[in-house]
Amino acid sequence: MPVASLLPFTATPNRKSASPTSFRLTEKFILLLVFSGFITLCFGAIFFLPDSSKLCILCSQTPGACQLAPLKPRPLMEKLPSLPQPSSSAAYLNEEAELFCKLLQPGIMHLRDEGKLMMQFSWDNYKRYAWGSNELRPVSKQGHSSNLFGSLKGATIVDALDTLYIMEMYDEFEAATEWVEMNLDFNMNAEISVFEVNIRFVGGLLSAYYLSGKEVFRRKAVELGEKLLPAFKTPTGIPWALLNLKSGIGRNWPWASGGSSILAEYGTLHLEFMHLSELSGRPVFAEKVMNIRKVLNRLDKPQGLYPNYLNPNSGQWGQHHVSVGGLGDSFYEYLLKAWLMSDKTDEEGKKLYYDALQAIEKNLIRKSSGGLTYIAEWKGGLLEHKMGHLTCFAGGMIALGADGGPDDKTGHQMELAAEIARTCHESYARTSMKLGPEAFRFDGGVEAIATRQNEKYFILRPEVIETYMYMWRFTHDPKYRQWGWEAVQALEKYCRVEGGYSGVRDVYANTPNHDDVQQSFYLAETLK
């Protein structure tokens, strides 16, 4: 059969149209297709493209398109500025690109810029009042350091390196790089937290190296990693929590269940140490963290759960306390991310994660009478109906891992992630300051509210905002951006002081009582 006969709307090749100004049917059909495609593209882009940084690929390739007004310091709550009108001399393609970008991102670029202004304000005040110190006291305008770092210096500088780079604050990044080159020293008689130094210093240096390619970061990361290796000198290879960098002598926190190591601490070394082996060519780093898995695999797990305490001498569990929040949290996160980081070849890490998640869902996840899904804590077989701010990272984690789970579980896990995100949002919404408490409870007639004074503080933590970010990325539901913006407004209203950003002691109070600490993770995680 001739091809032309398959096209019912085409005319014969030599047939003239009835009018000299009219189109042949073939031309009409093609124009209709082009017009329909254009309309579909516009509406599809408006509703489905999530990332403002990616929305204007076309704009970035057309000079002058989609330029925003120059960034100026201004109050955060100021009305969103209008975008400039397209240039009358712009080519047709540039005008179309300008219109496309305006449709996609009214206000979104402004909101992103406000995050950068918050980072600039945090960094500038740290540099002005606490340069070289671990953290800033923004109320008293001086440096601050906790005993987590011993006499090690520069936690904010190293922790924030990747944020500076991602936000294109290149002058600040170069100043930080120079400080690392000239001043970051590990040769000292100081007892440090292996966990905190690993995630803030080793992690910060590795991230900066992969982003910038600067050799100084690789060299310093490997040097520090070697300083941490003596922590693994225990009968089981489960590392000590605390280590003297000079003597190599380690010990555990005295309060930790008879001298036990803590799940979230020894379980949050895997990603960095695998990279240290890759970058140094020395397998010892990877061997140390893979041995931790071997020890855990040999142990019986109550109800499939991982207790927070493990004795590094006997290799036996300590107190049977299970939490997806403090003391346990990042162990589960690192299982999932180890699998993802391996390009999904680490089948052991995958199995450990999904098995753990199944046990958590069966034994710890509950729903309140008001319909809020929460993750309780487990103590010797009894549930404590408390959920920590730290636990709120789990919404994002479960969403991140949903695609890799069993086929019949993907949708369920995304629903579970959304429910946890909603609960954590409620913990913010039910306070006077619209900032979340350190822990909130579901008993005694209350839901998602802190009932104890020592659980009402907020120290600029990132976990809830992190979950919003993941949920936005995976669902494109605009409520997650709105919730994030609400948190930004609350941070500006209650945590911003003249010298930076401070935590508050009671989120249920009408006026803030500041704790006078700008945590390094505020710059490294929350603002990012």
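For the sequence shown, our numbering begins at -19 and goes up steadily by one.
We treat Cβ as the ideally placed atom computed from N, Cα and C, and that holds for glycine.
All values reported here derive from a predicted model rather than from experimental measurement.
Continuous beta strand (DSSP E) stretch holding residue i: start and end
i    : result
W358 : 357 to 359
A419 : 419 to 421
E115 : 115 to 117
H124 : 122 to 124
Residue i versus residue j: straight-line alpha-carbon distance, rounded
i    : j    : result
D93  : W465 : 12 Å
P210 : N493 : 41 Å
L316 : T371 : 16 Å
D156 : E115 : Going by the sequence as given, residue 156 is Ala instead of Asp. Taking the straight line joining both Cα atoms gives about 14 Å.
K8   : P458 : No answer about K8 holds up, because its pLDDT of 45 lies below 50 and its placement is not dependable.
D326 : L320 : 8 Å
P234 : I88  : 48 Å
L352 : I345 : 10 Å
M57  : Q100 : At M57 the pLDDT is 34, less than 50, meaning the model places this residue with poor confidence; the figure from the coordinates comes in the next sentence. Rounded to the nearest angstrom, the two C-alpha atoms are 17 Å apart.
Y502 : Y354 : 25 Å
Y150 : T411 : 38 Å
K366 : G261 : 44 Å
A467 : Y450 : 15 Å
P442 : K226 : 33 Å
L307 : I179 : 15 Å
F175 : S294 : 21 Å
L21  : R453 : At L21, the pLDDT of 47 sits below 50, so the modelled position is not reliable and the matter cannot be decided from this model.
E148 : S257 : 29 Å
N271 : T216 : 9 Å
S69  : K133 : Unreliable positioning characterises S69 in this predicted model, as indicated by a pLDDT of 34, which lies under 50. The coordinate reading is nonetheless provided below. The alpha-carbon atoms of S69 and K133 are separated by roughly 54 Å.
F311 : G368 : 16 Å
Y190 : A140 : 14 Å
G329 : A318 : 6 Å
Y460 : G228 : 46 Å
G416 : Y448 : 14 Å
S113 : H456 : 39 Å
T390 : E341 : 14 Å
A77  : H90  : Unreliable placement is indicated for A77, whose pLDDT of 46 sits below 50; the coordinate value is still reported in the next sentence. Approximately 19 Å between the Cα atoms of the pair.
N490 : K414 : 11 Å
E364 : W358 : 6 Å
Host alpha helix (DSSP H) of residue i (start-end)
i    : result
K226 : Careful: K226 lies outside any alpha helix (DSSP H) and carries neither H nor E.
A430 : It is not in any alpha helix (DSSP H) - A430 carries neither H nor E in the DSSP assignment.
K342 : 327 to 343
H90  : 88 to 110
L191 : 183 to 192
K200 : 195 to 208
R447 : As written in the sequence, residue 447 is Thr, which differs from the Arg given in the question. Counting along the chain, the alpha helix (DSSP H) containing T447 begins and ends at 443 to 455.
T136 : 135 to 139
M321 : 309 to 321
M147 : Unbroken run through M147: none, as it is neither H nor E.
Q469 : 458 to 470
R180 : Run containing R180: none; DSSP gives neither H nor E here.
F265 : 264 to 278
S257 : 250 to 260
Check whether residue i and residue j have beta carbons under 8 Å apart
i    : j    : result
L471 : G95  : no
H300 : G360 : yes
I242 : A221 : yes
A430 : F422 : no
S240 : L208 : no
E152 : W111 : no
Y314 : L259 : no
G375 : A409 : no
T248 : A504 : no
V264 : M254 : no
L440 : Y481 : yes
G305 : P287 : no
E399 : G350 : no
S500 : T214 : no
Opposing strand residues paired with residue i [DSSP bridges]
i    : result
E171 : N224
K366 : R421
H392 : Beta-bridge pairing links H392 to no other residue.
W297 : L290
Q498 : L116
Y481 : R476
T353 : K347
I242 : Y289
F373 : DSSP, once it has assigned bridges, lists no residue as partnering F373.
Across the region 385 to 399 and the region 424 to 442, are there enough close Cβ pairs to call them in contact, namely three or more that are closer than 8 Å?
no
Do the region 156 to 164 and the region 181 to 199 meet, that is, are 3 or more Cβ pairs less than 8 Å apart?
yes
Can you confirm whether the region 273 to 283 touches the region 192 to 200 when touching is taken to mean that 3 or more C-beta pairs between the two stretches lie within less than 8 Å?
no
Is there contact here, the region 127 to 134 with the region 481 to 488, by at least three beta-carbon pairs under 8 Å?
no
Segment contact flag, the region 403 to 422 with the region 328 to 337, C-beta cutoff 8 Å, min 3 pairs:
no
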